[in-house]
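FYI, the numbering for the sequence shown is 123 to 386, going by this note's numbering. Below: one structure, written as structure tokens.
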Amino acid sequence: MSMHSLSVVHPNAKIAPGVTVGPFTTIEDDVEIGEGSIIGSNVTIFSGSRIGKNVEVFPGAVIGGKPQDLKFAGEYTTTHVGDNTTVREYVTINRGTVAAGKTVVGKNCLLMAYVHVAHDCILGDNIILANNVNLAGHVELEDFVIIEGQVGVQQFVRIGKHSFIAGGSLVRKSVPPYIRAAREPLSYIGVNRIGLQRRGFAIERINNIHEIYRILFVKGLNLTNAITEIETTVPVCDERDEVVKFIAETERTGIIRSFQGLND
């Protein structure tokens, strides 16, 4: 372990071998940092933080700060950052409240500068959040989500796996898996074909996803009839089941709809 003499690390913090801690950094009690992680200068890591292996935290980041929630009453909660994740400059990740008990950022994620992850957010693996993305409390992002810069996500919103959100968007409703979303109000603009191809999806799987969303968003059916048609006409596959399950479980915010005038 390499700890700069100008850093302040609580003696009870569990710092694994091979961790580097830069100057003017504060690491409180009840913190765990895994092997090979690099903690830059002027970083603050509060109690209850669990940092994985080979995580890189850049200057000015604050991990595990108290929730910005007036209902928070000082209950014990935690913050988790998964292995191989990069936390860039001035990112803030607040710990959970009694609602979920923790805030989680998964493995192999990239949180670019000035990202804010609020209390009780649950982020999966392989997620990219570009500069100035702000997640309100209780937001859930599934694996491989990409959100471009200057995006605000409303509380309790869910964003499904492999989805892509265009820069400058306001996300007020949940976004189903495998799609691209843009415009105002945020709307379905197509399947995330390029992202899926890059991740090794066969053309047959991508075509099934296209058919699911053609029924759901392009044919003009109401949600109930669209789901019925999807279950009747689309071959049984993981993608079909995941989309149907996502919609069934998204009651609080509802889901985005297609851009008016979108053609099949």
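Note that CB positions come from ideal geometry on N, CA and C, so glycine has one too.
Check                                                                                                                         : Outcome
Segments of 4+ residues assigned as alpha helix (DSSP H) that fall wholly inside the region 296 to 367                        : 315 to 320, 325 to 335 and 345 to 355
Pair within 8 angstroms by beta-carbon distance, A183 and I155                                                                : no
Buried versus exposed call for R321 [16 or more other C-beta atoms within 10 Å across all chains shown]                       : exposed
Three-way DSSP call (helix, strand, coil) for I249 in this model                                                              : coil
Beta bridge counterpart(s) of I161 as assigned by DSSP                                                                        : V143 and V179
Cβ pair A252, Q190 closer than 8 angstroms                                                                                    : no
Inter-residue spacing [alpha-carbon to alpha-carbon] between Y300 and F286                                                    : 8 angstroms
Candidates V261, P145, V177 and Y198, of which the one nearest S169 by Cα                                                     : Y198
Meets three-Cβ-pair contact criterion under 8 angstroms: the region 227 to 244 and the region 282 to 296                      : no
Straight-line Cα distance separating S124 from I268                                                                           : 34 angstroms
Neighbourhood of V130 by C-beta distance below 8 angstroms, restricted to the same chain and skipping five residues each side : T147, T148 and I149
Euclidean distance between Cα positions of C359 and K136                                                                      : 44 angstroms
CA-to-CA distance, S163 to N134, given in whole angstroms                                                                     : 20 angstroms
Short Cβ contact (8 angstroms threshold) for F180 with R210                                                                   : yes
Alpha-carbon to alpha-carbon, F278 and V261                                                                                   : 5 angstroms
Extent of the continuous beta strand (DSSP E) to which I173 belongs                                                           : S171 to I173
Residues sharing a beta bridge with K224, DSSP                                                                                : T200
Bridge partner(s) assigned by DSSP for K283                                                                                   : DSSP output for K283 lists no bridge partner at all.
Residues near A348 by beta carbon distance below 6 angstroms, same chain, minus five either side                              : I337 and L338
Through-space distance from P298 to F368, alpha-carbon basis                                                                  : 7 angstroms
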